[in-house]
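Residue numbers (the working numbering): 36 to 520.
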């Protein structure tokens, strides 16, 4: 069945990717779309999370839309409130406010035989759209440790990404379970408040110095007056970030150089030799997410802070027991134990074959160029499996993905088609090509254990290459890789 009607598009999520998708649709003449978000304001992760110290570990001028530089960033690295405000402002400036429906959680998306998608909200409201763009992000569902007694603790406990701001931490015995991305930001803040702070480190992380610098009013004024300064700043930052590709490539000299930077950083900032030794990772740089911080290591020098290089074995009514058998008393436990990455069961999505997306992606999450999967016509990921490139900011990957999606929708509409679905042949060939590349990188290597790799040994999170390669693949993408109906 052919149609020339204006496509109705649903975007699920009003974070950076959802905002980018909305802008791209408007830029290309699509006006019948709605951006749904469960929260009360745009921003996605940056609206949802609010833990102490929350900041971005990418330079602010690079962690921005390429078409909307921000001369008013307060520093080279900025905190959550600034980023969320920037995203909300961008949504307004792009003309997206009339298209955004907030406080609306999509629970179900089922494909209909006629070529449309029926969406159901948590309140029972029903919508019908021709196309769905999943822009839900990956850092939403807290992951708790699977240990005995976790519900028996008599004190206050919560996950770091669901911070309880009602609890007074001053003078309390606080235990942080975990020492990765969120813990690195939370620990220095809590060290100033807690009577005693214990940090449980199951495995050490590579933590680079952040080098945060506040921008003066004069510098911001110059950025506003001469936008080319921001462009030059971004270009320099992207050149530096480009080195990450080599730093995570097994056998490349840049990996050892990055590791040595961290080793020297530990030695000059951590006073206790045993703690220094405990902080040295036993994996290659990039196997786990590389981190940045100016104050995590110094916080470990405080008299009221203790690092214990052991994981969690059990939670008791009064505290916890480590894997080494050490018993720790606590008033408060904070779990900084990450997220369920690529959690496709957050929404009940059912495709053309009647199979759910959660089942399709359960053991081996894959997508075609990070945006589509067979059996789910007119359904796209803004940033799907292997749709994120490590050596550039999140914004660059998301912008490229949604640009391709909207271009495909335009080609579909020009062809008078009612549906577009990636062909099994293109999907299979692309993923077979990717499979030959993962072992090149520390994060994709079979000897790496991190959230980059799932239980089946597949690395479904990052694209195995650099952004130049990824961009080239997307620029060659067309309806010849898809089936139109």
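C-beta: ideal position from N, C-alpha, C; glycine also.
This structure is a prediction, so every number in the text was calculated from the model and none was measured.
Compare the beta carbon distance of residue 403 and residue 461 with 8 Å and say whether it is the shorter of the two.
Yes; because the gap between Cβ atoms is below 8 Å, this pair is in contact.
Just list the beta strand (DSSP E) runs in the stretch 429-506, keeping only unbroken ones of 3 residues or longer that don't cross its boundaries, in chain order.
The qualifying runs are 455-457.
Would residue 428 be called buried (16 or more neighbouring beta carbons within 10 Å of its own) or exposed?
By the 10 Å Cβ count, residue 428 comes out buried.
Out of 262, 313, 487, point me to the one whose CA is closest to residue 103's CA.
Relative to residue 103, the option among 262, 313, 487 whose CA is nearest is 262.
In whole angstroms, give me the CA-to-CA distance for residue 329 and residue 247.
Straight-line Cα distance between these residues: approximately 7 Å.
Proximal residues to residue 273 (C-beta, below 7 Å), its chain only, five neighbours per side dropped:
Residues of the same chain with a CB within less than 7 Å of the CB of residue 273, apart from the 5 flanking positions on each side, are 97, 427 in chain order.
Going by other Cβ atoms of all chains shown within 10 Å of its Cβ, with 16 needed for buried, is residue 435 buried or exposed?
Within a 10 Å sphere around the beta-carbon of residue 435 sit 16 or more other beta-carbons, which makes this residue buried.
With H, G and I counted as helix, E and B as strand and the rest as coil, what does DSSP make of residue 188?
The answer is coil: DSSP assigns residue 188 none of H, G, I, E or B.
C-alpha distance - residue 88 paired with residue 215, whole-angstrom precision:
A direct Cα-to-Cα measurement between residue 88 and residue 215 gives close to 13 Å.
Distance between beta carbons of residue 191 and residue 425, contact taken as under 8 Å
In this structure, residue 425 and residue 191 do not form a Cβ contact; the two beta carbons are roughly 36 Å apart against a cut-off of 8 Å.
Buried or exposed: where does residue 469 fall if 16 or more other Cβ atoms within 10 Å of its Cβ makes it buried?
The residue in question, residue 469, is buried, as its Cβ has 16 or more Cβ neighbours within 10 Å.
Taking just the CA atoms, how far does residue 319 sit from residue 285?
Rounded to whole angstroms, residue 285 to residue 319 spans 8 Å at the Cα level.
Any contact between the stretch 63-71 and the stretch 190-204? By contact I mean 3 or more CB pairs, one from each, below 8 Å.
In short, these stretches do not touch, since the Cβ pair count stays below three.
Would you check if the stretch 204-222 and the stretch 361-372 touch, i.e. whether three or more CB-CB distances between them fall below 8 Å?
Touching, yes.
Simplified DSSP state of residue 320, which is helix, strand or coil:
Look at residue 320 here: in three-state DSSP terms it is coil, with no helix or strand label.
Assigned secondary structure, residue 297 (DSSP; H/G/I helix, E/B strand, else coil):
In the structure shown, residue 297 sits in a helix (DSSP, three-state: H, G or I).
Whole-number beta carbon distance between residue 178 and residue 357, since they are thought to touch under 8 Å
That belief does not hold up - the Cβ atoms of residue 357 and residue 178 are roughly 19 Å apart, past 8 Å.
In the DSSP assignment, find the unbroken alpha helix (DSSP H) run with residue 341 in it and report its ends.
For residue 341, there is no enclosing alpha helix (DSSP H); the residue is part of the beta strand (DSSP E) that begins and ends at 340-343.
Are residue 155 and residue 143 touching if we call contact CB-CB under 8 Å?
Taking 8 Å as the Cβ cut-off, residue 155 and residue 143 qualify as a contacting pair.
Just verifying my parser: in three-state terms, what is the DSSP assignment at residue 89?
In the displayed model, residue 89 falls within coil according to three-state DSSP, outside both helix and strand.
Residue 172 classed as buried or exposed, judged by whether at least 16 other C-beta atoms fall within 10 angstroms
By the C-beta density criterion, residue 172 is buried, having at least 16 other C-beta atoms within 10 angstroms.
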